[in-house]
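Okay, structure first, notes after.
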Amino acid sequence: MCGSSAVRPIGVIGVGESTTPNFPRHIFEYLGIPRKRFYELAEPTWKLGIKFLWGSRGRFDYTFNLQLDSRWPELPKPTGFYCDDDFDNASLPGALMRHEMAFPRQASGAPDIHPWHAFHIENKKFVAILELVAREHGVEFTDGEVTGTERGPKGIAAIHLKDGQRLEADFFIDASGFRSELLGKALEQPFISFKQSLFCDRAVIGGWDRTDEPIQPYTTAETMNSGWAWQIDHEKLINRGYV
Ligand SMILES: Cc1cc2nc3c(=O)[nH]c(=O)nc-3n(C[C@H](O)[C@H](O)[C@H](O)COP(=O)(O)OP(=O)(O)OC[C@H]3O[C@@H](n4cnc5c(N)ncnc54)[C@H](O)[C@@H]3O)c2cc1C
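Take any residue in the sequence shown, count from 1 to its spot, add 34: that is its number in the working numbering.
In C-alpha cells form, the structure reads like this:
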C-alpha cells in the first residue's frame, strides 16, 4: 500500500467532506469500527441533510428519510400533497434541521440517534483513522511514490518506488485517483471523461475557525448569481466552497 497521510508528497484532498447515511453504515456496520472510538478520533459532526437556499421557496430542507413520498397516519394523502409553498417541518429530520438540532432525546436524556443521519468529516482525520485501524488489523504500510511499473503476463507484476524499492504482489489496487498510475498509465485503460457535460470543473474553497457560531447539522447549498456555494460545519472549523 503506498502513500500514507503522514508523508504523502502528493497530498490528500481535504475540503471538508460531506457524506450520506451510507457512510456511517459502512464505518460502523461493515467495518465494525466502534462509534465511540470513531467519534473520538475522527471528530465528525452530524449531517441530517442539505439546506438548499435555492429556488422560488427560498429554502428547502432536503433530508435523507422519506419526506414527500411518506404519509402521516392521521392524514388521508401523502405528505407531498400538502407541500406547496410551505415545505417546512415535513418530517422529523426536516423539523430538526429547521430548528438547528441534530436529534430528539430519549426518555433517559441520551440522544436518539436515528439511522438517517450522515456526517461532515475532515478527510485528513478520516484517512488517519482508517490507517490506524488498518495497522491494528495487521496491514503493513510502505510509504512511497510510485514512479514506474513492470508488466507481467497477468497484468502488473511489480511497482517501483521513488526511493528505489521494487515491490511485487499478486494483486494491486489502483487508488491513485485522477493520476491513475496503474490503470491509466501502466495498463493504458482509457479514461472516459464527462467533462463535456459539466457546467464547471473548478472549485474555490476556504474556511475559518469556529468561534461562537452554533454547529449546523446540515450542509448548506446556496445559489449564487453564477454557480453555487456550500458550507460544511466541523467542530472547530467552518468550510465554504464555491463552484
Ligand atoms: C472541491 C471538492 C469537494 C468535494 N466534496 C466532496 C464531498 O463533500 N463528499 C464526497 O464524498 N466527496 C467529495 N469530493 C470528492 C472526493 O474528494 C473524491 O471523490 C475522492 O477524494 C476520490 O478518492 P480517491 O481515493 O479515488 O482519490 P484521491 O483522493 O485523489 O487519492 C489519490 C491518492 O493517491 C495518491 N497518489 C497519486 N499518485 C501517486 C503516486 N504516483 N504514488 C503514490 N501515491 C500517489 C495521492 O497522494 C492521493 O492521496 C470533493 C472533491 C473536490 C475536489
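The beta-carbon is built from N, C-alpha and C at its ideal position, and this holds for glycine as well. Predicted model, so just to flag it, every value in this text is computed and none were measured.
- Residue 141 sits in coil when the DSSP states are folded into three classes, being neither helix nor strand.
- With respect to residue 103, residue 114 sits close: the two C-beta atoms are nearer than 8 Å.
- Residue 152: member of the beta strand (DSSP E) spanning 152-155, first to last residue.
- About 5 Å separates the CB atoms of residue 253 and residue 52; that is less than 8 Å, so the two are in contact.
- For residue 200, the enclosing beta strand (DSSP E) covers residues 200-202.
- Rounded to whole angstroms, residue 262 and residue 204 show a C-alpha spacing of 45 Å.
- Within a 10 Å sphere around the beta-carbon of residue 125 sit 16 or more other beta-carbons, which makes this residue buried.
- Going by DSSP, residue 75 is part of no beta strand (DSSP E) but of the alpha helix (DSSP H) stretching over 69-76.
- As the crow flies, the alpha-carbon of residue 65 is around 19 Å from that of residue 209.
- When rounded, the separation of the alpha-carbon atoms in residue 272 and residue 196 is 37 Å.
- Between residue 154 and residue 268 the beta-carbon gap is near 6 Å, inside 8 Å, which marks them as a contact.
- DSSP, read as helix, strand or coil, puts residue 252 in coil.
- C-alpha of residue 49 to C-alpha of residue 160: approximately 12 Å in a straight line.
- If you draw a 10 Å sphere on the C-beta of residue 83, you find 16 or more other C-beta atoms in it, and that means buried.
- Counting the other CB atoms within 10 Å of its CB gives residue 173 a total below 16, which places it among the exposed residues.
- Contact annotation: residue 189 and residue 221 have beta-carbon atoms nearer than 8 Å.
- Note that the C-beta distance between residue 237 and residue 211 is not below 8 Å.
- Residue burial is scored here from C-beta neighbours: residue 216 has at least 16 other C-beta atoms within 10 angstroms and is therefore classed as buried.
- Residue 136 sits close to residue 251, with the two beta carbons spaced by under 8 Å.
- Of the heavy atoms belonging to ligand 1, at least one sits nearer than 7 Å to the Cβ of residue 53.
- Nearest in C-alpha terms to residue 242, of all of 228, 232, 229 and 266, is 266.
- For the region 196-248, the continuous beta strand (DSSP E) assignments of 3+ residues that do not extend past its boundaries occur at 200-202 and 238-243, in sequence order.
- Straight-line spacing of the CA atoms in residue 108 and residue 129 works out to 18 Å.
- In chain order, 229 place their CB closer than 8 Å to the CB of residue 235, counting only its own chain and leaving out the 5 sequence neighbours on each side.
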